[in-house]
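Working notes, structure below.
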Amino acid sequence: MRRLVKEFTAQLTEALEIGINTNLNAPKNKINNVVITGLGGSGIGGKIATQLVADQMQIPAIINNDYRLPLFVNENTLVIVSSFSGNTEETLEALQAAQKAKAEIACITSGGKLAQIAKDHKYNLLVLPKAFSPRAMLTYSVIQQLFLFHHYGFINNQFINDTKATVALLNAEENNIISTAKKTANSLFEKTTVAYSEASMEGVITRFRQQINENSKSLGWEHVFPEMNHNELVGWAGGKEEYAVVIFRSSFEHPRSSVRIDISKDIFKKYTSTVLEFKAKGDTFLAQSFYHILLGDWISVYLAELNEVDDVEVKVIDFLKAELAKI
Numbered sequence: 006m007r008r009l010v011k012e013f014t015a016q017l018t019e020a021l022e023i024g025i026n027t028n029l030n031a032p033k034n035k036i037n038n039v040v041i042t043g044l045g046g047s048g049i050g051g052k053i054a055t056q057l058v059a060d061q062m063q064i065p066a067i068i069n070n071d072y073r074l075p076l077f078v079n080e081n082t083l084v085i086v087s088s089f090s091g092n093t094e095e096t097l098e099a100l101q102a103a104q105k106a107k108a109e110i111a112c113i114t115s116g117g118k119l120a121q122i123a124k125d126h127k128y129n130l131l132v133l134p135k136a137f138s139p140r141a142m143l144t145y146s147v148i149q150q151l152f153l154f155h156h157y158g159f160i161n162n163q164f165i166n167d168t169k170a171t172v173a174l175l176n177a178e179e180n181n182i183i184s185t186a187k188k189t190a191n192s193l194f195e196k197t198t199v200a201y202s203e204a205s206m207e208g209v210i211t212r213f214r215q216q217i218n219e220n221s222k223s224l225g226w227e228h229v230f231p232e233m234n235h236n237e238l239v240g241w242a243g244g245k246e247e248y249a250v251v252i253f254r255s256s257f258e259h260p261r262s263s264v265r266i267d268i269s270k271d272i273f274k275k276y277t278s279t280v281l282e283f284k285a286k287g288d289t290f291l292a293q294s295f296y297h298i299l300l301g302d303w304i305s306v307y308l309a310e311l312n313e314v315d316d317v318e319v320k321v322i323d324f325l326k327a328e329l330a331k332i
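In our numbering, the protein residues as written are 6 to 332.
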C-alpha cells in the first residue's frame, strides 16, 4: 500500500491522460439529473467529485450506494456506473435498473462484467488501469467522473489545469505530508479516530475514515459541520480519552462553519487530550481536497504499521463475498 500511496500524484497525471484521450458519445436526450452508483472507493469517488464542482453543477447529482436506483431515474437521467473491478454485485444490479429506466449510461471500470456490458451496448466507457487494491486508485475514479461532467456540459475544463497544479503542489509537499502523517499515526495509535470537517469536504473525511478501516484495520467514525452541532456534539458528554479527534480544515469553509469548528474544538478538549487539526494547502478547493486525501492515506498506512497489520488484505470482505456467492 505504501508504494501505491507513493504513486498518488503519478496516478493523478495518468488519470488526466486517460480522460483526455477517451472519445465519448453525445447523449441521446437532455440530462436533467445525475445519479452516480457505486460502492466503497468507487462510491466515495463520486461524492468527492460532486463536491469538487458543486459551485458549477446546475442540476442535481446524487450518490447511490445500493442495489436499487431512485424511482425518478428516467431517460433524462445520467447514471454513472462506477466499479473498479467491474464485478461489484450491487452496482451491476443498479445498472440493470438504469437500463430498464432507459437512462443515459456511462461506465467507469478497469474491466469485468461492467466493461463488457458497456462495450456491448456502446455506453460511454472510461477504462481504468488494473490494480490489486481498488481503494488505492481513488484518483482515477474522481478524475474520470470530472471528465464525464465536462463531457455532458455540467462543468468547464478548469479542473484539468487545477489538477496539474495540484500534482506540482503535492510533489513539493511530499516530505512534509509524510512527516505529518507519521506523527499523526502515533497520536491515533490505540485510539478510536473521530474525524470531522466542514460539510463541503464530507467526501474527503469519509474517505479518510474508510482508509482507517481498511488499511489500519481500526474502527472510527466521521461527521461534518454544521450538522454535528445539532446532534453529535451533545453525545460528547460521553466522550473519552480513548477518542482521537482529527479535523480537516479548508480555507473555503463557510465563515459560520469555521466559527462553529473553533468553538467545538474547546468542547472536545474537555474529554480528550488528542484533538488534531490540519489546514490544507493549495489555492483551489480541488488542491485542498486532494491534499487532505493524500495526508489521510499516509496516516492510515503508518497507523497500519503501528497496529502491525497488513494494510492491503481485506480477508473479511473476501469471506463475505464468498458466503454471498453461495446464496
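For each residue, glycine too, the CB sits at the ideal point set by N, CA and C.
The structure displayed is predicted, hence computed values, not measured ones.
- PHE257 is the residue among SER269, THR279, PHE257 whose C-alpha sits nearest the C-alpha of ALA292.
- Per DSSP, ARG261 has no beta-bridge partner at all.
- For VAL319, no alpha helix (DSSP H) segment is defined, and its DSSP state is neither H nor E.
- For the set TRP303, ILE322, GLU80, TYR128, the Cα lying nearest the Cα of ARG8 is the one of TRP303.
- Closest by C-alpha distance to GLU318, out of ILE332, LEU329, ARG140, is ARG140.
- Taking every protein chain shown into account, the CB of ILE268 has fewer than 16 other CB atoms within 10 angstroms, so this residue is exposed.
- Inter-residue distance for SER47 and GLN101 is about 18 Å (C-alpha atoms, whole angstroms).
- Your pair ALA249 and SER184 does not check out as a contact, with CB atoms roughly 18 Å apart and the cut at 8 Å.
- Here PHE77 is exposed. Its C-beta has fewer than 16 other C-beta atoms within 10 Å.
- When only Cα atoms are considered, PHE290 and ALA111 end up about 26 Å apart.
- When Cβ pairs closer than 8 Å are counted between the two stretches, the segment 240 to 255 is seen to touch the segment 204 to 214, the count reaching three or more.
- A distance below 9 Å separates the beta carbons of ASN70 and THR42.
- GLU282 sits in a strand when the DSSP states are folded into three classes.
- Sixteen is the threshold: since fewer than 16 other Cβ atoms of the shown chains lie within 10 Å of the Cβ of LEU224, the residue is exposed.
- With fewer than 16 other beta carbons inside 10 angstroms of its own, VAL264 counts as exposed.
- The beta carbon of LYS135 lies closer than 7 Å to those of SER115, GLY116 in the same chain, with the five residues before and after it left out.
- Between the segment 272 to 286 and the segment 149 to 157, the count of C-beta pairs closer than 8 Å stays below three; the two stretches do not touch.
- Beta-bridge annotation (DSSP): GLY225 is paired with THR198.
- Apart from the 5 residues on each side of it in sequence, GLN61 sits with its Cβ closer than 6 Å to the Cβ of ILE160 in its chain, given in chain order.
- Note on the segment 120 to 188: whole beta strand (DSSP E) runs with a minimum of 3 residues are 129 to 132, in chain order.
- When DSSP states are grouped into helix, strand and coil, PHE13 belongs to the helix group.
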